[in-house]
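Please read the structure below before turning to the comments.
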Amino acid sequence: GDSWGIFTFLCAALCNLPALPALNCSEELGAGQSIQQTYDLTRYLEHQLRTLAGTYLNYLGPPFNEPDFNPPRLARAERVPSATVDLDLWRGLTDNARLAANYRAYSRLLCYLRVLDGQVGTAELRHRLAHFCASLQGLVLSIGGVMSSLGYPLPAGPAAPPAGPPGVPAAPNDFLKKMDDFWLLKELQTWLWRSAKDFNRLKKKVPPAVVTLRLEARGF
Amino acid sequence: DSHIQYERVGADVTMKCGSMDWDAAVTWTANGTDIDESHLNGSYLILKNVNLSQSGQYSCYEGSSWHLKYQTNLRVGMPPKEPVLMCRSNNYPKGFYCSWHLPTPTYIPNSFNISVIHGTKDMVCEKDAIPKNRCHIRYIQLFSTVKYKVTLTVTNALGKNFTTLTFDEFAIVKPDPPESVVAKPVPNNPRRLEVSWQNPSSWPDPESFPLKFFLRYRPLILDQWQHVELSDGTSHTITDAYAGKEYIIQVAAKDSDIGTWSDWSVAVHATPWTEEPKHLTTEAQITETTSASTSSFMAPPTTKICDKGAMVGSGAMAVCWTAGLVVAAYSVLFI
Numbered sequence: 001g002d003s004w005g006i007f008t009f010l011c012a013a014l015c016n017l018p019a020l021p022a023l024n025c026s027e028e029l030g031a032g033q034s035i036q037q038t039y040d041l042t043r044y045l046e047h048q049l050r051t052l053a054g055t056y057l058n059y060l061g062p063p064f065n066e067p068d069f070n071p072p073r074l075a076r077a078e079r080v081p082s083a084t085v086d087l088d089l090w091r092g093l094t095d096n097a098r099l100a101a102n103y104r105a106y107s108r109l110l111c112y113l114r115v116l117d118g119q120v121g122t123a124e125l126r127h128r129l130a131h132f133c134a135s136l137q138g139l140v141l142s143i144g145g146v147m148s149s150l151g152y153p154l155p156a157g158p159a160a161p162p163a164g165p166p167g168v169p170a171a172p173n174d175f176l177k178k179m180d181d182f183w184l185l186k187e188l189q190t191w192l193w194r195s196a197k198d199f200n201r202l203k204k205k206v207p208p209a210v211v212t213l214r215l216e217a218r219g220f
Numbered sequence: 001d002s003h004i005q006y007e008r009v010g011a012d013v014t015m016k017c018g019s020m021d022w023d024a025a026v027t028w029t030a031n032g033t034d035i036d037e038s039h040l041n042g043s044y045l046i047l048k049n050v051n052l053s054q055s056g057q058y059s060c061y062e063g064s065s066w067h068l069k070y071q072t073n074l075r076v077g078m079p080p081k082e083p084v085l086m087c088r089s090n091n092y093p094k095g096f097y098c099s100w101h102l103p104t105p106t107y108i109p110n111s112f113n114i115s116v117i118h119g120t121k122d123m124v125c126e127k128d129a130i131p132k133n134r135c136h137i138r139y140i141q142l143f144s145t146v147k148y149k150v151t152l153t154v155t156n157a158l159g160k161n162f163t164t165l166t167f168d169e170f171a172i173v174k175p176d177p178p179e180s181v182v183a184k185p186v187p188n189n190p191r192r193l194e195v196s197w198q199n200p201s202s203w204p205d206p207e208s209f210p211l212k213f214f215l216r217y218r219p220l221i222l223d224q225w226q227h228v229e230l231s232d233g234t235s236h237t238i239t240d241a242y243a244g245k246e247y248i249i250q251v252a253a254k255d256s257d258i259g260t261w262s263d264w265s266v267a268v269h270a271t272p273w274t275e276e277p278k279h280l281t282t283e284a285q286i287t288e289t290t291s292a293s294t295s296s297f298m299a300p301p302t303t304k305i306c307d308k309g310a311m312v313g314s315g316a317m318a319v320c321w322t323a324g325l326v327v328a329a330y331s332v333l334f335i
């Protein structure tokens, strides 16, 4: 009812990411270096998330903060983009598809995290979440930069709130809301691991030679 | 007719002579040896507080005719204790394997059953032929948020027990140690050792899943290791080796992002390059050698003492070596 409307509004407001600034410097740096930087960012974020998740799960309280907590995945949790992928499919992804999947996933995850930020109780959590969201925004921009420098189009931003199929309502009770939060953090964690592997693969496939050619072309 | 009978250590066992009446006259044998009548209660054989040595073939013969009326193979053993289970992915992202064993023997045959559940799905862990207590699973999906739950049940004639492991895909990643570790001296460099190695052959895709390495080395005479972490590459040059000392070197590997370090590789030994000792026949040549050695990092007195000793004879040589080691140890402390 009301909460659903508020949720939709919040997401729409927070998800209108500003248009990417022209990243001329990334072309000069070279796609190779941007990929390295993006890789380093995912590692940094993964490290940050460990602390954030620990604090947040404690805030949610048991059973969410128990190490053995292993709940089944409810249908509603499918709203959050999953990093899980068929092994052969993942191997066969083109560079463009690989980058786009990362870009889309983090854009949506960022959106959800921002909504979370508006709702949490303690000041410490708000501070941590805000810091993490800022870093995550940096990651999204970094991925966008790599895509641009390689000449790939950016995936369309989440113009409509990423609420999934219209039939899925906001959490009707406190426990399910906490479950949503739990899965959000889990998926974020898994995405950061996956990204490290995605960018490793990209590092090998995009040698600095690509950049040299481009610079020479501009010289003519 | 003959069958197998399993009993617990410490139990009291009563064996009946087949369908013979209680008051029938019978003789029992254990592995062919007659059993004293004191163990009989009528025609029943009573074994109190059985132990492992009492396992064997028990036969019951009718008193007068010496017909074999009953035979059983007694196996004394124990119900299984909680098994030890370990799961590991040394071939990420292909899959993982689980291996198990019992902490204490049961002395009787055991059967193992392993089940793997991933979320709501049951997965089949294919048993390995060798080693026996091992099975492997191939990943269908990668980067899973749902944990794997592995349950191992061990059953024998006297009881059963089980254990469960729950883990995330990334948590069990542990490569095998690096292979073909080679350490060589570097010509004309008395403080260097060149170490090279290869990715473990079980790691299927080092291109997309690069490994990072940890090198440790120490001279045999010291206990403390020196460590170097390498984010890529399969070689490293040690530049601070103590001249003339034999080194022991090991390497470990880890996926660059997830999981844990491998065990240490097989240790290799190497000694840095040392200048060839020249033949000493005259005093003049001793002075030459001494001045040449001062340019090396080691304390010159070591060389001087030994050279002089070489002139005098084998007895003095022993003294020379001891003195040399003492000075070496002393100078090492100062480096």
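Protein chains in written order, with full-length UniProt numbering: chain H, 1 to 220; chain F, 1 to 335. Where a beta carbon is used, it is the ideal one built from N, C-alpha and C, also for glycine.
Helix, strand or coil, according to DSSP, for VAL13 of chain F in the structure here? Judged by DSSP in its simplified three-state form, VAL13 of chain F adopts strand.
Range covered by the alpha helix (DSSP H) that runs through ASP88 of chain H: Per DSSP, ASP88 of chain H belongs to the alpha helix (DSSP H) from 87–92.
Any C-beta of chain H under 8 Å from that of SER265 of chain F: The beta carbon of SER265 of chain F does not come within 8 Å of any beta carbon belonging to chain H, so the residue lies off that interface.
Could you have a look at GLY54 of chain H and say whether DSSP puts it in helix, strand or coil? Of the three classes helix, strand and coil, the one that applies to GLY54 of chain H here is helix, per DSSP.
For the beta strand (DSSP E) holding VAL186 of chain F, just list the boundary residues, first then last. Run containing VAL186 of chain F: 179–186, per the beta strand (DSSP E) assignment.
To be precise: take each residue of the segment 180–211 of chain H, compare its Cβ to all Cβ atoms of chain F, and keep it if any distance is under 7 Å. Which residues remain? Result list: LYS186, GLU187, THR190, TRP193, ARG194, ALA196, LYS197, ASN200, ARG201 and LYS204.
Residues that ASP40 of chain H contacts on chain F, provided the C-beta gap is smaller than 7 Å: In chain order: nothing, as chain F lies at least about 11 Å away.
Could you tell me which residues DSSP pairs with GLU62 of chain F in its beta bridges? GLU62 of chain F pairs with F:VAL26.
Tell me ASP34 of chain F's beta-bridge partners as DSSP assigns them. Listed as beta-bridge partners of ASP34 of chain F by DSSP are F:THR29.
Against chain F, which members of the segment 54–76 of chain H pass a CB distance test of less than 7 Å? Among the residues of the segment 54–76 of chain H, those with a Cβ less than 7 Å away from any Cβ of chain F are ASP68, ASN70, PRO72 and ARG73, in the order of the chain.
Helix, strand or coil, according to DSSP, for VAL146 of chain H in the structure here? Three-state result, VAL146 of chain H: helix.
Please classify ASN199 of chain F: is it buried, with 16 or more other beta-carbons within 10 angstroms of its beta-carbon, or exposed? Per the 10 Å Cβ criterion, buried.
At 7 Å on the CB atoms, spell out the chain H contacts of GLY119 of chain F, in chain order. Within chain H, the residues near GLY119 of chain F are PRO72 and ARG73.
Taking MET147 of chain H as the reference, give the member of H:THR84, H:VAL85 and H:PHE199 with the closest Cα. The residue with the shortest Cα to Cα distance from MET147 of chain H is H:PHE199.
Members of the segment 86–117 of chain H that neighbour chain F once the beta carbon cut-off is set at 7 Å: Of all residues in the segment 86–117 of chain H, the ones placed with a Cβ closer than 7 Å to any Cβ belonging to chain F are ASP86, LEU87 and TRP90, in chain order.
Confirm, please, whether the CB-CB distance from HIS3 of chain F to THR106 of chain F is below 8 Å. Their beta carbons are not under 8 Å apart, which means THR106 of chain F does not touch HIS3 of chain F by this criterion.
Beta-carbon of SER142 of chain H versus every beta-carbon of chain F: anything under 8 Å? No, because no Cβ of chain F sits closer than 8 Å to the Cβ of SER142 of chain H.
Can you find the residues in the same chain that come closer than 6 Å, C-beta to C-beta, to CYS25 of chain H, ignoring five residues on each side of it along the sequence? Reliability of the predicted coordinates at CYS25 of chain H is poor, the pLDDT of 43 falling under 50, and the value obtained from them is presented with this limitation in mind. Taken in chain order, the list of residues that qualify is empty.
C-beta atoms of LEU142 of chain F and VAL85 of chain H nearer than 8 Å: Their beta carbons are under 8 Å apart, which means LEU142 of chain F touches VAL85 of chain H by this criterion.
Rounded to whole angstroms, what's the CA-CA distance from ALA292 of chain F to LEU230 of chain F? Just pull it up for me. With a pLDDT of only 45 at ALA292 of chain F, under 50, the local geometry of the prediction cannot be trusted, and the value read off the model is given with reservation. About 36 Å.
Nearest candidate by alpha-carbon position, reference VAL146 of chain F, set H:PRO62, H:PHE182, H:GLN119 and H:ASP174: It is H:PHE182.
Between the CA atoms of LEU40 of chain F and TRP22 of chain F - distance to the nearest angstrom: A straight-line Cα-Cα distance of about 10 Å links TRP22 of chain F and LEU40 of chain F.
Alpha-carbon spacing of SER43 of chain F relative to VAL9 of chain F, whole angstroms: Per the coordinates, the alpha-carbon of SER43 of chain F lies some 23 Å from the alpha-carbon of VAL9 of chain F.
Can you confirm whether the segment 196–212 of chain F touches the segment 174–184 of chain F when touching is taken to mean that 3 or more C-beta pairs between the two stretches lie within less than 8 Å? Yes, since at least three Cβ pairs between the segment 174–184 of chain F and the segment 196–212 of chain F fall closer than 8 Å, the two stretches touch.
Secondary structure at GLN5 of chain F, three-state DSSP: helix, strand or coil? DSSP, read as helix, strand or coil, puts GLN5 of chain F in strand.
How long is the line joining the alpha carbons of TYR247 of chain F and SER202 of chain F, rounded to whole angstroms? TYR247 of chain F and SER202 of chain F: Cα-Cα distance of roughly 28 Å.
ALA90 of chain H, buried or exposed, once every other Cβ within 10 Å from all chains shown has been counted against 16: Here the sequence assigns Trp to residue 90 of chain H, which means Ala is not the residue at that position. It counts as buried.
What are the residues of the UniProt domain "Fibronectin type-III" (177–277) of chain F that lie near chain H, defined by any Cβ-Cβ distance shorter than 8 Å? Residues GLU207, SER208, PHE209, PRO210, SER256, ASP257 and ILE258.
Reducing DSSP to helix, strand and coil, say where ARG126 of chain H ends up. Correct three-state label for ARG126 of chain H: helix.
Distance CB(LYS203 of chain H)-CB(TYR39 of chain H) smaller than 8 Å: Yes, Cβ-Cβ distance for LYS203 of chain H and TYR39 of chain H is below 8 Å.
Hey, ASP34 of chain F and THR27 of chain F are a contact pair by Cβ (cut 8 Å); roughly how many whole angstroms apart? Between THR27 of chain F and ASP34 of chain F the Cβ distance is about 6 Å, and since that is below 8 Å, they are a contact.
MET78 of chain F, DSSP secondary structure in three states: It is coil, neither helix nor strand.
Figure out for me which residue from F:MET78, F:GLY77, F:CYS17 and F:GLN5 has the closest Cα to the Cα of GLY63 of chain F. Ranking F:MET78, F:GLY77, F:CYS17 and F:GLN5 by Cα distance to GLY63 of chain F puts F:CYS17 first.
Please list the partners that THR84 of chain H has in chain F, where partner means a Cβ-to-Cβ separation under 9 Å. The answer, in chain order, is GLN141, LEU142, PHE143, SER144, THR145 and VAL146.
Which bits of chain H does ASP164 of chain F rub up against, with CB to CB less than 7 Å? The displayed chain sequence assigns Thr, not Asp, to residue 164 of chain F. Going along chain H, no residue has its Cβ under 7 Å from THR164 of chain F, so there is no contact; the nearest lies around 10 Å.
For VAL13 of chain F and CYS60 of chain F, the rounded distance between their alpha carbons: When rounded, the separation of the alpha-carbon atoms in CYS60 of chain F and VAL13 of chain F is 15 Å.
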